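Below is one structure, written out as structure tokens; comments come after it.
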Amino acid sequence: MKKNKIAARRKISIYSKKFAQNAYLAFLFRFIGISGDYLDINECFVEMPNFQPAPDPIAVETVEFKDDCLRACLRSQIRGRLCLSAEHRPKDNACVLSEKYGEKRSISVTIKKNSYFENICARSQEGGRLEAKLTGFRGGEGVLELVQCKGEKTKLLAIMTGLQENRDFHVIYIPGVELSSCHKIDPSKDNPGRKLITIDSDSRGMAIQPWIDVDFNIFDSSVINKTIAIVDSNSSNIVDCGYLQINMNASEWDRAKNGFALNCIYFGQIITISSFLSIFF
1 MKKNKIAARR
11 KISIYSKKFA
21 QNAYLAFLFR
31 FIGISGDYLD
41 INECFVEMPN
51 FQPAPDPIAV
61 ETVEFKDDCL
71 RACLRSQIRG
81 RLCLSAEHRP
91 KDNACVLSEK
101 YGEKRSISVT
111 IKKNSYFENI
121 CARSQEGGRL
131 EAKLTGFRGG
141 EGVLELVQCK
151 GEKTKLLAIM
161 TGLQENRDFH
171 VIYIPGVELS
181 SCHKIDPSKD
191 NPGRKLITID
201 SDSRGMAIQP
211 WIDVDFNIFD
221 SSVINKTIAI
231 VDSNSSNIVD
241 CGYLQINMNA
251 SEWDRAKNGF
261 ALNCIYFGQI
271 ITISSFLSIF
281 F
């Protein structure tokens, strides 16, 4: 059943390698509103042949397998160190992490065995931004990001690690529970609040939800500092908690909240602004 569920998801994911290799198709799917769902950690990455990391990496980790290199990049993102790209060097059992995008290799120095990836889950999204750092006494940690342009749907990103392997976990917004009491409630009995998404952990305990549209208004002032919980769908145990906080400076947040974030101004708005200015000029 699990296998069929994953296979069905692969048909619509805009983050799969097949779609990532066709920029126009990926744009078209986003435009008509088809959103991705969790598959695995590879959904956060696009392999870039003949590219190499920029100089001055943030870290070089010892890993054997490519997926462990990608996990290292995502863990860096969880801990607040942006990882935009990673290169797996199997010959050296090394993983090079960078906070910059890479550069094209010279043809004469192309190294076939190295694999360079860019982290699409780390690419900046337009609008106001909320973030919840998720921690728990059971050892898991993660980050939840919510980004919204005024009048549009919110985009959500979730990255978790240290979870029990091969399990489903609900990401739940519980505004009526203080963060200090989060681990004490029983979601199966108490009012658990509102489920935002469900994420699936892999065989190494990492769970990913690439950017996806959700129905949640981040500009409602009542959501600030409210609690987010990660709940094991099988046991109903709360494994991690955090609270939503603004993840940008105050002036940028005010502009986004009032619909004046520069990166949220679209063609129709530009026409409206131009028409307004034409009255005076």
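If you count by the UniProt record's numbering, then the sequence shown holds residues 1 to 281, one letter each, in order.
Glycine included, every Cβ here is placed at the ideal spot set by N, Cα and C.
All of these numbers come straight from a predicted model, not from anything done at the bench.
Beta-carbon spacing of residue i, residue j below 9 Å
i           : j           : result
residue 47  : residue 101 : no
residue 171 : residue 229 : yes
residue 175 : residue 223 : yes
residue 95  : residue 126 : no
residue 199 : residue 168 : yes
residue 246 : residue 128 : yes
residue 51  : residue 105 : yes
residue 54  : residue 63  : no
residue 210 : residue 43  : yes
residue 227 : residue 177 : yes
residue 91  : residue 114 : yes
residue 60  : residue 84  : no
residue 135 : residue 217 : no
residue 196 : residue 157 : no
residue 186 : residue 233 : no
residue 297 : residue 165 : Absent from the structure is residue 297, since the part of the chain shown begins at 1 and ends at 281.
residue 70  : residue 88  : yes
residue 58  : residue 99  : yes
residue 130 : residue 145 : yes
residue 137 : residue 86  : no
Continuous beta strand (DSSP E) stretch holding residue i: start and end
i           : result
residue 141 : 141-148
residue 158 : 154-161
One or two residues paired with residue i in a DSSP bridge
i           : result
residue 231 : 170 and 238
residue 131 : 145 and 245
residue 208 : 159
residue 213 : 155
Span of the alpha helix (DSSP H), counted from its first residue to its last, around residue i
i           : result
residue 200 : Residue 200 -> not in any alpha helix (DSSP H); beta strand (DSSP E) instead, spanning 194-200.
residue 252 : 250-257
Heavy atom of the ligand SAM within 8 Å of residue i beta-carbon
i           : result
residue 134 : In the structure shown, the ligand SAM is absent, as is every other ligand, since no ligand is present at all.
Complete runs of the beta strand (DSSP E) confined to the UniProt domain "Apple" (44-121) [at least 3 residues]
45-47, 59-62, 85-89, 94-98 and 115-119
Closer than 8 Å is the cut-off here; do at least three beta carbon pairs connect the segment 234-246 with the segment 201-213?
No: the two stretches stay apart, fewer than three of their Cβ pairs being nearer than 8 Å.
Cβ contact (3+ pairs, closer than 8 Å) linking the segment 152-166 and the segment 72-79:
yes
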